[in-house]
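Sequence order for the protein chains is A and B.
Heads up: the first sequence begins at 3 in our numbering, then just goes up one per residue.
Heads up: the second sequence begins at 3 in our numbering, then just goes up one per residue.
For every residue, glycine included, the Cβ atom is placed at its ideal position computed from N, Cα and C.
Computed from a predicted model, the values in this text were never measured in an experiment.
Protein chains: 2
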Amino acid sequence: MSKDRLAPGATPTLEHVAKVAGVSRATVSRVINGIRNVDPQLQEIVRAAVEQTGYVPNQAARSLVTRRTNSVALVVSEAEHRTFDDPFLGRIFTDPFFGRLVSGIMGVLRPRGVTMVLMLAENDAARTQLIGYLKQGHVDGVILISSNVDDPLPGLLTDAGLPAVLSQRPAKPLPISYVDAAQSAGAKLAAERLIARGCRRVATISGPLDMPASQDRLAGFRDTMARHGHAYVPSVEGNFTQETGERAMLQLLEEHPDIDGVFVANDLMALGAVLALRDAGRRVPEDVAVVGFDDSNAAQMSRPPLTTIRQPLEDMAAQMARLLLARIDDPQSKPTSVIFEPTLVVRESA
Amino acid sequence: MSKDRLAPGATPTLEHVAKVAGVSRATVSRVINGIRNVDPQLQEIVRAAVEQTGYVPNQAARSLVTRRTNSVALVVSEAEHRTFDDPFLGRIFTDPFFGRLVSGIMGVLRPRGVTMVLMLAENDAARTQLIGYLKQGHVDGVILISSNVDDPLPGLLTDAGLPAVLSQRPAKPLPISYVDAAQSAGAKLAAERLIARGCRRVATISGPLDMPASQDRLAGFRDTMARHGHAYVPSVEGNFTQETGERAMLQLLEEHPDIDGVFVANDLMALGAVLALRDAGRRVPEDVAVVGFDDSNAAQMSRPPLTTIRQPLEDMAAQMARLLLARIDDPQSKPTSVIFEPTLVVRESA
DNA sequence: CGCCAACCGGAGAGCGCTCTCCAGGCGGGT
DNA sequence: ACCCGCCTGGAGAGCGCTCTCCGGTTGGCG
Numbered sequence: 003m004s005k006d007r008l009a010p011g012a013t014p015t016l017e018h019v020a021k022v023a024g025v026s027r028a029t030v031s032r033v034i035n036g037i038r039n040v041d042p043q044l045q046e047i048v049r050a051a052v053e054q055t056g057y058v059p060n061q062a063a064r065s066l067v068t069r070r071t072n073s074v075a076l077v078v079s080e081a082e083h084r085t086f087d088d089p090f091l092g093r094i095f096t097d098p099f100f101g102r103l104v105s106g107i108m109g110v111l112r113p114r115g116v117t118m119v120l121m122l123a124e125n126d127a128a129r130t131q132l133i134g135y136l137k138q139g140h141v142d143g144v145i146l147i148s149s150n151v152d153d154p155l156p157g158l159l160t161d162a163g164l165p166a167v168l169s170q171r172p173a174k175p176l177p178i179s180y181v182d183a184a185q186s187a188g189a190k191l192a193a194e195r196l197i198a199r200g201c202r203r204v205a206t207i208s209g210p211l212d213m214p215a216s217q218d219r220l221a222g223f224r225d226t227m228a229r230h231g232h233a234y235v236p237s238v239e240g241n242f243t244q245e246t247g248e249r250a251m252l253q254l255l256e257e258h259p260d261i262d263g264v265f266v267a268n269d270l271m272a273l274g275a276v277l278a279l280r281d282a283g284r285r286v287p288e289d290v291a292v293v294g295f296d297d298s299n300a301a302q303m304s305r306p307p308l309t310t311i312r313q314p315l316e317d318m319a320a321q322m323a324r325l326l327l328a329r330i331d332d333p334q335s336k337p338t339s340v341i342f343e344p345t346l347v348v349r350e351s352a
Numbered sequence: 003m004s005k006d007r008l009a010p011g012a013t014p015t016l017e018h019v020a021k022v023a024g025v026s027r028a029t030v031s032r033v034i035n036g037i038r039n040v041d042p043q044l045q046e047i048v049r050a051a052v053e054q055t056g057y058v059p060n061q062a063a064r065s066l067v068t069r070r071t072n073s074v075a076l077v078v079s080e081a082e083h084r085t086f087d088d089p090f091l092g093r094i095f096t097d098p099f100f101g102r103l104v105s106g107i108m109g110v111l112r113p114r115g116v117t118m119v120l121m122l123a124e125n126d127a128a129r130t131q132l133i134g135y136l137k138q139g140h141v142d143g144v145i146l147i148s149s150n151v152d153d154p155l156p157g158l159l160t161d162a163g164l165p166a167v168l169s170q171r172p173a174k175p176l177p178i179s180y181v182d183a184a185q186s187a188g189a190k191l192a193a194e195r196l197i198a199r200g201c202r203r204v205a206t207i208s209g210p211l212d213m214p215a216s217q218d219r220l221a222g223f224r225d226t227m228a229r230h231g232h233a234y235v236p237s238v239e240g241n242f243t244q245e246t247g248e249r250a251m252l253q254l255l256e257e258h259p260d261i262d263g264v265f266v267a268n269d270l271m272a273l274g275a276v277l278a279l280r281d282a283g284r285r286v287p288e289d290v291a292v293v294g295f296d297d298s299n300a301a302q303m304s305r306p307p308l309t310t311i312r313q314p315l316e317d318m319a320a321q322m323a324r325l326l327l328a329r330i331d332d333p334q335s336k337p338t339s340v341i342f343e344p345t346l347v348v349r350e351s352a
């Protein structure tokens, strides 16, 4: 059906299409890219020729001259030493927040014809290889999801002069765009909820404290509690997995058996905490109220369903994509940051 | 530090490196690609020049002539009509099996310097765009994770002449390589386990029946039960989410209150089933034994921990990557299939 | 009616790389 | 001592595309 005329075995090129249409390469190129005005009648002829030959532009050749690839990388980076017992990949992909992120990014990228390349950087070797790859001009820019404070990647990216956007405020000030949620504002909502319920002995399970987000949530929670007269808020550190949430809750119960409210820094850990509470014979929320963070699937699946803090992840991801595209279009534009406000989602656990 | 000598603002090219090293472009290229013998002393000089200039090969230029990109796509495809209420992305990324898959693939790809591009095809529009992208020669080959029977993608891929490997036997015979697990053998293991425990009233919760894997598991289970004298095995269809597992279990309990054993086609649904059983006041495994499928994190997290069928996902994924690379190296090689044997993992639920 | 401007299509020069072809040098065999 | 062949490095031709520059045509205005 297609692919007759010229081009014996090979894939058709601009040249072939031009010959079939009886015009020059340049004209075909102009029609395909919709650049400059081309006689509508000619356009029709060219389009027909494209159809007939089954022509598809060669991306490599195009990139070579335009210096654009029309694709961006989504890099997920994690510090090596934070890999406890479960494999990195299991963690990141298991966490529902990732899907929402991808979904938000795609929503912006797809209509613009930009494709997304997913890359993992789970240790230093991978990181080195990654930088090499990125420098080869494989992508136009990078969205970096980095979860630890001393990640060298943000610095490496700015050094390499690659347009990039971070998923959270970088640990050290850096000329780089980022999107973040007001973590402490979220923690404040959680604290206020627990106080409103009348909780008197409140504790918290935090995320890994080398992450700015974890620090902010912890600080925000403690501040708000302090402002309401609760000077001392016990806390145990987890690593965002259900298992560590369970362990942390166990520890809290042992050290402070009279606890009646807990703020857990993410839903997965909150799930573990609820399980631990149940095992210990405490009813949620009657005996102990639990507030999670993220509003992930886990929150809805839990029994009782989790009261939690929702970050507008899809919106945030979409904003990252938009910031990145803007920066690609104009590399000179100065780095921007956008902060989103979290909201309280009330369910049954608190 | 680097990037001095020549090349004022621009990124260094082969030409620059050659000039710095005092050799020809060809020689630098040979050293970089390790092709043909080059005088070791010259090699040293060239390497030093590369270092000094901070040279990184331009992938576009390279691809243009080699017709290779050194990257493969991991395409995750899903039929549009199967999107019930939860978003597609949430499902796929939430399922732990995905992480294991990626991990296995990366293990093979990374050492070979091949990068992985993740692409989603969640509806027909996306699929069309995807095919266009693939035809542009953006990747050398495709690993396709497709979950429904009437996916047009396998056919489109063979039509496009792109090297590809499927994650399961295609619904219709097609000249394409694939890797699969012996689904029915896994179901057989589950059946035998339930029988060995002395279960007499057995039911099953299947996956979506438009998936060959679901069909095979159901058929394998029924066959084995039949062979042991259980003529009738009630079944309810789920869609692999915890929620549908819960619903399905509820339905089974209502229709067959005397059930004492269930085979659930994946762990996530099994988790839901266990929850439903508990809510209904049945003890697992004392009153009802439950066998899952996949040996995902969910199986270990569940209480009680799930007895389940383990597919060697990492191995299977690695094999897919190997098959694909082989096919890319020699496009003439004929399609191969590799079937892996599942194993029974005994925990507490059965 | 003439001039200028605006507009549109074609020619051709690269983008940075690989790879074939060729020339020169050296060693070994007769 | 000569010749042949192998080994190594250089020259140069593209890979398929975009985009600048140019020339020709047309329309509007003086």
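**Item:** Spatially closest choice to Arg202 (chain B) from B:Asp152, B:Phe265 and B:Leu103, by CA coordinates
**Value:** The option with the nearest alpha carbon to Arg202 (chain B) is B:Phe265.
**Request:** Report, in whole angstroms, the separation of the C-beta atoms of Ser208 (chain A) and Gly247 (chain A), which I expect to be a contact under 8 Å.
**Result:** About 11 Å separates the Cβ atoms of Ser208 (chain A) and Gly247 (chain A), ruling out a contact at the 8 Å cut-off.
**Request:** Can you grab the Cα-Cα spacing for the pair Pro154 (chain B) / Ser179 (chain B), in whole Å?
**Result:** Put simply, the backbone Cα of Pro154 (chain B) is about 16 Å away from that of Ser179 (chain B).
**Request:** Give me whichever residues DSSP pairs with Thr226 (chain A) in a beta bridge.
**Result:** Answer is none; Thr226 (chain A) lacks a bridge partner.
**Message:** 8 Å is my cut-off, CB to CB: does Tyr234 (chain A) come that close to chain B?
**Reply:** no
**Message:** Please report whether the beta-carbon of Leu164 (chain B) lies at a distance below 8 Å from any beta-carbon of chain A.
**Reply:** no
**Request:** Buried or exposed for Val293 (chain B), please, with buried defined as at least 16 other CB atoms from any protein chain shown within 10 angstroms of its CB.
**Result:** Of the residues assessed, Val293 (chain B) falls on the buried side of the cut-off, its CB having 16 or more other CB atoms within 10 angstroms.
**Prompt:** If you draw a straight line from the alpha carbon of Lys336 (chain B) to that of Gln313 (chain A), how long is it in whole angstroms?
**Reply:** Answer to the nearest angstrom: the Cα atoms are 50 Å apart.
**Straight-line gap, Met271 (chain A) to Pro306 (chain A) (C-alpha atoms, nearest Å)** = Looking at the two C-alpha atoms, the distance is approximately 14 Å.
**Message:** Please report the straight-line C-alpha distance between Ala352 (chain B) and Pro287 (chain B), rounded to a whole angstrom.
**Reply:** Between Ala352 (chain B) and Pro287 (chain B), the alpha-carbon positions lie close to 6 Å from each other.
**Request:** Leaving out five residues on either side along the sequence, give the residues of the same chain with a beta carbon under 8 Å from the beta carbon of Ala187 (chain B).
**Result:** Gly222, Glu343 and Pro344
**Prompt:** So, is the C-beta of Gly209 (chain A) closer than 8 Å to a C-beta in chain B?
**Reply:** no
**Prompt:** CB Ser237 (chain B) to CB Thr206 (chain B), shorter than 8 Å?
**Reply:** yes
**Asked** On the three-state DSSP scale, how would you describe Gly143 (chain B)?
**Response** strand
**Asked** Going by DSSP, which residues form a beta bridge with Ala183 (chain A)?
**Response** A:Phe342
**Request:** State the start and end residues of the unbroken alpha helix (DSSP H) segment that holds Met322 (chain B).
**Result:** For Met322 (chain B), the uninterrupted alpha helix (DSSP H) segment begins and ends at Leu315 to Asp331.
**Message:** What does the Cβ neighbour count give for Ile107 (chain B), buried or exposed, with the cut at 16 atoms within 10 Å?
**Reply:** buried
**Asked** So, is the C-beta of Gln138 (chain A) closer than 8 Å to a C-beta in chain B?
**Response** yes
**Prompt:** Just the Cα atoms here: how many angstroms apart are Arg285 (chain B) and Ser304 (chain A)?
**Reply:** Rounded to whole angstroms, Arg285 (chain B) and Ser304 (chain A) show a C-alpha spacing of 19 Å.
**Prompt:** Who are the neighbours of Val266 (chain A) on chain B, taking C-beta pairs under 8 Å?
**Reply:** Here the premise fails: no neighbours, minimum Cβ distance about 16 Å.
**Request:** Could you name the residues of chain A that Thr117 (chain B) contacts, counting a contact when the two beta carbons are closer than 8 Å?
**Result:** Val119, Met121, Tyr135 and His140
**Message:** Let me make sure I understand the geometry here. Which of B:Thr68, B:Ala123, B:Met118 and B:Ala267 has the alpha-carbon closest to that of Ser148 (chain B)?
**Reply:** With distances taken between Cα atoms, Ser148 (chain B) lies closest to B:Ala123.
**Neighbourhood of Val48 (chain A) by C-beta distance below 6 Å, restricted to the same chain and skipping five residues each side** = Ala23, Val30 and Val33
**Contact set for Gly143 (chain B): own chain, Cβ-Cβ below 7 Å, skip 5 residues either direction** = Val74, Leu164, Pro165, Ala166, Leu326, Arg329 and Ile330
**Asked** For chain A, is any of its Cβ atoms less than 8 Å away from the one on Phe86 (chain B)?
**Response** In this prediction, Phe86 (chain B) scores a pLDDT of 35, lower than 50, which makes its location untrustworthy; no coordinate-derived value is stated.
**Asked** Whose Cβ in chain B lies nearer than 9 Å to the Cβ of Val58 (chain A)?
**Response** Gly134, Lys137, Gln138 and Gly139
**Prompt:** Are any of the Cβ atoms in chain B nearer than 8 Å to that of Met1 (chain A)?
**Reply:** Limits of chain A in this structure are 3 at one end and 352 at the other, which puts residue 1 (chain A) out of reach.
**Which of helix, strand or coil DSSP assigns to Ala267 (chain B)** = Assigned with DSSP and collapsed to three states, Ala267 (chain B) falls in coil, not helix or strand.
**For Ala51 (chain B) and Glu17 (chain B), the rounded distance between their alpha carbons** = 11 Å
**Prompt:** Any Cβ of chain B within less than 8 Å of the Cβ of Gln185 (chain A)?
**Reply:** no
**Prompt:** Taking Arg114 (chain B) as the reference, which of B:Thr338, B:Arg349, B:Glu350 and B:Ala320 has the closest Cα?
**Reply:** B:Ala320
**Request:** Output the boundary residues of the alpha helix (DSSP H) element that contains Thr246 (chain B).
**Result:** Gln244 to Glu257
**Request:** Tell me whether Glu256 (chain B) counts as near the ligand SAM, meaning its Cβ is closer than 7 Å to at least one heavy atom of that ligand.
**Result:** Among the components modelled here there is no ligand, and therefore nothing to report on the ligand SAM.
**Request:** Give the DSSP-derived three-state secondary structure of Thr29 (chain B) in the structure shown.
**Result:** In this structure, Thr29 (chain B) counts as helix in the three-state DSSP scheme.
**Item:** Entirely enclosed alpha helix (DSSP H) segments - the segment 259 to 308 of chain B, minimum 4 residues
**Value:** 269 to 281 and 299 to 303
**Message:** Using DSSP's beta-bridge definition, name the partner residues of Met108 (chain B).
**Reply:** DSSP lists no partner for Met108 (chain B).
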